[in-house]
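Last residue of the sequence shown: number 514 in the numbering used here, and the count goes up by one each step with no gaps.
Even glycine gets a Cβ: it sits at the ideal position worked out from N, Cα and C.
Down below is the structure, laid out as structure tokens.
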Amino acid sequence: MDRKQVLHQFVQLYALQPERLSKQVRIEQALRQAITEQWPTGLRLPSHRVLAESINVARQTLALAVATLLSEQLLKTAHGQGTWTCKPAAPMALASTNTQLSRRAQRVLEGPGASRVQSGAFVPGIPDIAQFPMRKWRQLYASVTVPQNALLLSYSTGGYGPLKRAIRDFLARWRNISCDTEQIIITDGTHNGIELCAMALTDVGDTVAMESPCYWGARNVFTGAGLNIEMLAWLPDKGHVLPKITNNIALAYLTGSHHYPLSVPTSAVDKQRLCEALAPTYIVEDDYEFTRDDHTNLLFEATSERHLLAGSFSKMMFPGLRLGYLVVPHHLSGPMNRLRSELFREGRMLEQAVLAQFMFDGDLDAWCRRIQRDYLGRQQVLHDQLRSLPRVRYVSPPCSAISLCIEFEPGVNDIALAQALMKEHLIVRPLSPVCAKTDPRVGLVMGVGMLSGETLVREAQRLRRCLESLLR
Numbered sequence: 043m044d045r046k047q048v049l050h051q052f053v054q055l056y057a058l059q060p061e062r063l064s065k066q067v068r069i070e071q072a073l074r075q076a077i078t079e080q081w082p083t084g085l086r087l088p089s090h091r092v093l094a095e096s097i098n099v100a101r102q103t104l105a106l107a108v109a110t111l112l113s114e115q116l117l118k119t120a121h122g123q124g125t126w127t128c129k130p131a132a133p134m135a136l137a138s139t140n141t142q143l144s145r146r147a148q149r150v151l152e153g154p155g156a157s158r159v160q161s162g163a164f165v166p167g168i169p170d171i172a173q174f175p176m177r178k179w180r181q182l183y184a185s186v187t188v189p190q191n192a193l194l195l196s197y198s199t200g201g202y203g204p205l206k207r208a209i210r211d212f213l214a215r216w217r218n219i220s221c222d223t224e225q226i227i228i229t230d231g232t233h234n235g236i237e238l239c240a241m242a243l244t245d246v247g248d249t250v251a252m253e254s255p256c257y258w259g260a261r262n263v264f265t266g267a268g269l270n271i272e273m274l275a276w277l278p279d280k281g282h283v284l285p286k287i288t289n290n291i292a293l294a295y296l297t298g299s300h301h302y303p304l305s306v307p308t309s310a311v312d313k314q315r316l317c318e319a320l321a322p323t324y325i326v327e328d329d330y331e332f333t334r335d336d337h338t339n340l341l342f343e344a345t346s347e348r349h350l351l352a353g354s355f356s357k358m359m360f361p362g363l364r365l366g367y368l369v370v371p372h373h374l375s376g377p378m379n380r381l382r383s384e385l386f387r388e389g390r391m392l393e394q395a396v397l398a399q400f401m402f403d404g405d406l407d408a409w410c411r412r413i414q415r416d417y418l419g420r421q422q423v424l425h426d427q428l429r430s431l432p433r434v435r436y437v438s439p440p441c442s443a444i445s446l447c448i449e450f451e452p453g454v455n456d457i458a459l460a461q462a463l464m465k466e467h468l469i470v471r472p473l474s475p476v477c478a479k480t481d482p483r484v485g486l487v488m489g490v491g492m493l494s495g496e497t498l499v500r501e502a503q504r505l506r507r508c509l510e511s512l513l514r
């Protein structure tokens, strides 16, 4: 790889980083991504002066970023001899004879999981963290971190009361749900809530019904819990495809008001028909993404004895928050709260207190309204670029969510497409791995959280050109 190519790739990756980040952080992320995904080990970098001039930053700023990568052992240097890349060792793959992990763990690791790449153009599932009002968040954090609030450093038995009240009021405003605070269980994000449902409501070997395509994370949680998974295709224009014979269904896991990964509104009527046919003992809806006006798509009823609702603040605010909630029937509230405390131990009281005040002050409502307007505009830009591609069956209509899905004609290898696009630093997920074996749909799932403005327009055009070439 010659010096010109190295500089070109570095400049390109730097330009993709959110502009609200500091220059040093943008350099760190660009170099980290290049070293782990693009450059070989032992590649000698151009001088600090040349790298700094290529992106128009001070040499000291670049030197500080390089120092961070040296401390992470992604770069190595020798006085007067230059700087070289040092790619981290790849994790050892599970061998067929490996008995160190359980069969359940191996099944989870063999299926689709979280991408090692969590930033970049069109990475799905990541909200706009660059525009989040972090200054207000820091102010609230400082206001609760005082000696008088020492109890916030202790365990959180049942969750922080004010946060439960804030969630209750938020659900009333945004989801038209009237529930009691006793029905709300604070979780460490959606995965933790789904795991709690699996532990509390099913036994190993029970059957859970899921829609196809599904959210891979939920499927992995159920696989790890030792459950049998029955996937049933959902076609937005036709409803669910039901099998002739169904096993006893302990749990039905359904998408909330907006389907992920298809990125289209769901149908309460379709979900009701499915539940009437399957007769599951319990029904969990995952309100992964939603807007203020789509609550009629929910099947959830707060007064029901078998309906549960899972929600997360990670997709609304920022992924590192790792706070969510479950709304459960009254008779399950006490037992599930105690079970969560015994299995996972409860904490994060400081974050819960900050989030509660953020919600009481109206900042979460204001943020949701603002960013959802932005997402709608971004989706329109991407939709306009993708809808005329060859071999495209369907592009999800623009909406206020962070995800968009494009479905291709049969015969397109969406896994190979995603891999080829990753080499161009265009990060998407293939659709087929999260579909049932009897569901032949192929496509790509992408997000609009990491790009905006002229950068989004430029990268959307580049994505279209790459796809045009690959599809032909």
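Limits of the alpha helix (DSSP H) - the one that residue i falls within
i, result
"I171", "Per DSSP, I171 belongs to no alpha helix (DSSP H) and is neither H nor E."
"W216", "203 to 217"
"I226", "Not the alpha helix (DSSP H): I226 falls in the beta strand (DSSP E), residues 226 to 229."
"R21", "Residue 21 is absent from the model: the chain starts at 43 and stops at 514."
"M176", "176 to 186"
"L58", "45 to 58"
Cβ neighbour criterion (16 or more within 10 Å) applied to residue i
i, result
"H50", "exposed"
"N234", "buried"
"T139", "Bear in mind that a pLDDT of 47 at T139, under 50, signals an unreliable position, so the number given afterwards is only what the model happens to contain. Answer is exposed; the Cβ neighbour count stays below 16."
"L487", "Note that residue 487 is Val in the sequence shown, not Leu. It counts as buried."
"E501", "buried"
"N218", "exposed"
"R68", "buried"
"N345", "For the record, residue 345 in the displayed sequence is Thr; it is not Asn. The residue is exposed, with fewer than 16 neighbouring Cβ atoms inside 10 Å."
"R433", "exposed"
"L238", "buried"
"L136", "Low per-residue confidence applies at L136: pLDDT is 48, beneath 50, and the placement is therefore not dependable enough to give any value."
"E388", "buried"
"K206", "buried"
"Y197", "exposed"
"H373", "exposed"
"D481", "buried"
"E327", "buried"
Contact under 8 Å by Cβ, residue i with residue j
i, j, result
"L182", "F400", "yes"
"F212", "L406", "yes"
"R6", "R86", "Only positions 43 to 514 of the chain appear in the structure, and residue 6 is not among them; the question remains open."
"L284", "A321", "no"
"P255", "R483", "yes"
"I352", "I209", "Residue identity check: residue 352 is Ala in the sequence provided, not Ile. No. Outside cutoff."
"T199", "G366", "no"
"A292", "V263", "no"
"V454", "L513", "yes"
"K313", "E331", "no"
"C441", "Q421", "yes"
"A460", "P472", "yes"
"A260", "M252", "yes"
"T249", "L277", "no"
"M492", "P60", "yes"
"H467", "Q54", "yes"
Where residue i falls: helix, strand or coil (DSSP)
i, result
"Y197", "coil"
"V490", "coil"
"V150", "helix"
"G366", "strand"
"A478", "coil"
"S375", "helix"
"L238", "helix"
"I469", "coil"
"E451", "coil"
"S138", "For S138, the predicted structure reports a pLDDT of 49, less than 50, and the residue's modelled location is therefore unreliable. A value from the coordinates is still provided. Three-state result, S138: coil."
"Y436", "strand"
"S354", "strand"
"R507", "helix"
"I446", "In the sequence as presented, Ile is not what sits at residue 446; that position holds Leu. Of the three classes helix, strand and coil, the one that applies to L446 here is strand, per DSSP."
"P307", "strand"
"V423", "helix"
"A344", "coil"
"G485", "strand"
"V165", "coil"
"T244", "coil"
"T338", "helix"
"G155", "coil"
"T497", "helix"
"T333", "coil"
Where the beta strand (DSSP E) through residue i begins and ends
i, result
"Q328", "Residue identity check: residue 328 is Asp in the sequence provided, not Gln. Looking at the DSSP string, the run of the beta strand (DSSP E) that includes D328 is 324 to 328."
Any C-beta of chain D under 8 Å from that of residue i
i, result
"A147", "In the structure shown, chain D does not exist; there is a single protein chain."
query: What are the start and end residues of each continuous alpha helix (DSSP H) run of 4 or more residues lying completely inside the segment 252 to 301, in chain order?
result: As summarised for the segment 252 to 301, the continuous alpha helix (DSSP H) elements at least 4 residues long and confined to that stretch are 258 to 266, given in chain order.
message: In chain order, what are the residue ranges of uninterrupted alpha helix (DSSP H) at least 4 long that sit wholly in the segment 73 to 135?
response: Qualifying alpha helix (DSSP H) stretches, in chain order: 90 to 97, 101 to 113.
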